[in-house]
Amino acid sequence: MSTSKAKAAGGVERPLSPHLQIYAPSWTMVMSIVHRITGAALYFGTILLAYWLIAAAVGPKAFDTAQWILGSWIGRLVLFGYTWALVHHLIGGIRFLIWDFGRCFDEKPRFMLSKLNIVLSVPLTILLWIVAYAIK
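See below:
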């Protein structure tokens, strides 16, 4: 069996699907993978948000427990990660929306959008936390 073709039923050779061993990693590929990972992480973060809201509805004791858990250093670290995942996923979604309009498919703009995804998500997350603490 060669590396580019595989034998199918009946002995017919068919091309293999492209995979990570064929393509060299690029910023666009990495940001696409991170976009998927942050999307999955948002599911778990939303469970935490639902827990907090349900605790608030149940009563003061349950809410105090939720506040204690989410207010601890590890809880805040998880919430910070959730915020970053949300911001990163949002910026990645905007990148995909731009592509849906047929824009920025050339190499340079594609690379720029992928780099902006990281470059903007970290400071925007920090800014959101600064604003949240200022309002608090």
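Be aware that the sequence shown starts at 3, since it is given in our numbering, and climbs by one per residue. Glycine included, every Cβ here is placed at the ideal spot set by N, Cα and C.
As a quick exercise: from the options, pick the residue whose alpha carbon is nearest that of residue i.
i, options, result
"A43", "L79, W131 and Y84", "Y84"
"V80", "K63, L129, T48 and L126", "T48"
"L129", "L55, F82 and D108", "F82"
"V32", "V60, L88 and L118", "L118"
"E109", "V14, E15 and S28", "S28"
Please look up how many angstroms separate the CB atoms of residue i and residue j, rounded, as I've assumed it's under 8 angstroms.
i, j, result
"S123", "H90", "4 angstroms"
"A57", "F65", "5 angstroms"
"T30", "W86", "The pair is not a contact, with the Cβ atoms about 20 angstroms apart (cut-off 8 angstroms)."
In three-state DSSP terms, what is residue i?
i, result
"M3", "Below a pLDDT of 50, predicted positions are generally treated as unreliable, and M3, at 45, falls in that range; the measurement from the model is reported next regardless. Three-state DSSP puts M3 in coil, outside helix and strand."
Problem set entry | Three CB pairs or more closer than 8 angstroms across the segment 91-101 and the segment 26-41 | Segments in contact, yes.
Problem set entry | Unbroken stretches of the alpha helix (DSSP H), 4 residues or longer, contained in the segment 68-115 | If only uninterrupted alpha helix (DSSP H) runs of at least 4 residues are considered, those enclosed by the segment 68-115 are 75-102.
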